[in-house]
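In this note's numbering, the protein residues as written are 771 to 1168.
Built from N, CA and C at the ideal position, the CB exists for glycine as well.
First up is the structure itself, then whatever we jot down about it.
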Amino acid sequence: MAPSPALTKVRKRKRSQHDKLDSSFDIPEAPSQRLIETEWWHDLVQRLSPSLKDLGTPGQDIDYFRSFFRVSRTTFDYICSLVRQDLVSRPPSGLINIEGRLLTVEKQVAIALRRLGSGDPQVSVGEQVGVGQSTVSQVTWRFVESMEERGKHHLKWPDAEELDTIKARFEQLGMPGCCGAIDITHMVMTLPAVESSADWYDREKNYSMALQVVVDPSLRFRDILTGWPGGMNELQLIRNCAFFRLCEGRQRLQGPPKQLSEGRQIREYIVGDLGYPLLPWLLTPYQEKDLAGAATNNFNRKQAAAVSIAETALARLKGTWRILHRVMWRPDKHKLPRIVLVCCLLHNIIIDQGNDVLPGVVLPDHHDKSYRQQICQYVDPQGQAMRDTLAGYMQEHK
């Protein structure tokens, strides 16, 4: 079930990004309180709904803007500042709207955000914003290419100080020493007959691509893996990611151990559901057959609350950037991992900018609603011993 050479090439480049997580970046400063160019916005409002052209109250205008583009005006401005140099210096050919005017950077970003946020077909997005289908395609891809490079500093593993804060917040949930929650979701797609294969055919009889995330208590993505076929289970996915290699190589989750009572201690770890293997640095719930009293049941309750953070983050991601939630019609499987990455970057940018999500945006149901819970039988003895130690401590201090 080997991925295609092109996908392997994409993943190799992503691994090199993982290897440079500690590198410094030139981070553009968020723009001052300047107003974004408004002409295109008012033209767009009138095209979508003439009754909205005289929006007068700030709340109405702001909420309409956020519901349409998924970000606040301030965050929109910041995103424009990230990609401006690329969109100005290397614009795709023929970027004009139906009035014959050259598209501004703001209009290009608006087109891309609308395409990613709504998941509507390119033709529909073009009709909404007054450009052709080919322009929507070109603009969105140029935006993805630029954001992939310019926004990558928004997705990184936390430093020691940040980890202390993260562990403190997980400890408030009853999981001392925890550094994150891991989960996967699927992007469902239709494939032409010539591309259909068992690799992409998952357990729920869909063609899909998987996304695995590690999430902190703020719902921020700290590590992602994508590009692999949805037919792979959690054990296969985690064994093929840089995060696994870093943890197994003692380059990650190797901070000072948490000192418990009576000389006991636990190392740093993350939590995952029953689909994942039980490892010394990845603690999963007790299976039903292993529940043996108050301590194990208490552990499962607290562990489930921590895992739900990742579930909430993925529901927010797919609710905000609906291109990941809708069934994709014959996507380019070589470009899709990069689109997924940029949606994850935008998800983190919204959090970093302090924006709330509008009501109704987050998916009301599970992010993988039609996917049944899988159970991995792999148990590492050291992971089992650590889970038992932690469960006993949690029961004593609940």
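- Counting only runs of at least 3 residues, the region 974 to 1013 fully encloses the following beta strand (DSSP E) elements, listed from N- to C-terminal order: 977 to 985, 991 to 999.
- Taking the CA atoms as reference points, Y834 sits about 10 Å from R840.
- In the DSSP assignment, H1117 falls within the alpha helix (DSSP H) that extends over 1106 to 1122.
- A residue is called buried once 16 or more other Cβ atoms fall within 10 Å of its Cβ, and G1019, having fewer, is exposed.
- The C-alpha of V1112 lies about 13 Å from the C-alpha of R885.
- The three-state secondary structure of D1060, taken from DSSP, is helix.
- Of the candidates K1059, H924, K1103, E1166, the residue whose Cα lies closest to the Cα of R990 is H924.
- Rounded to whole angstroms, the separation of the alpha carbons of S894 and A968 is 32 Å.
- A distance below 6 Å between beta-carbons, with the five flanking residues on each side excluded, links Q1006 to no residue of its chain.
- From the listed residues Q1021, G1025, R1037, R973, the smallest Cα separation to G1000 is found for R973.
- Remark: C-beta atoms of P928 and K1028 do not approach each other more closely than 8 Å.
- Per DSSP, G950 is one residue of the beta strand (DSSP E) stretching across 948 to 960.
- Put simply, of D1060, V914, C949 the residue whose alpha carbon is nearest the alpha carbon of E931 is C949.
- A direct Cα-Cα distance of roughly 18 Å separates D1158 from F940.
- When only Cα atoms are considered, Y1163 and D1060 end up about 18 Å apart.
- In the three-state reduction of the DSSP assignment, Y1039 falls in the strand class, which pools E and B.
- Spanning the alpha carbons of N976 and W970 requires a straight line of approximately 8 Å.
- Linking L1044 to A951 through their CA atoms gives a straight-line distance of about 13 Å.
- In its chain, beyond the 5 residues on either side, V914 have a beta carbon closer than 6 Å to the beta carbon of I1109.
- Of the residues R1015, S1140, S888, V858, the one whose Cα lies closest to the Cα of T874 is V858.
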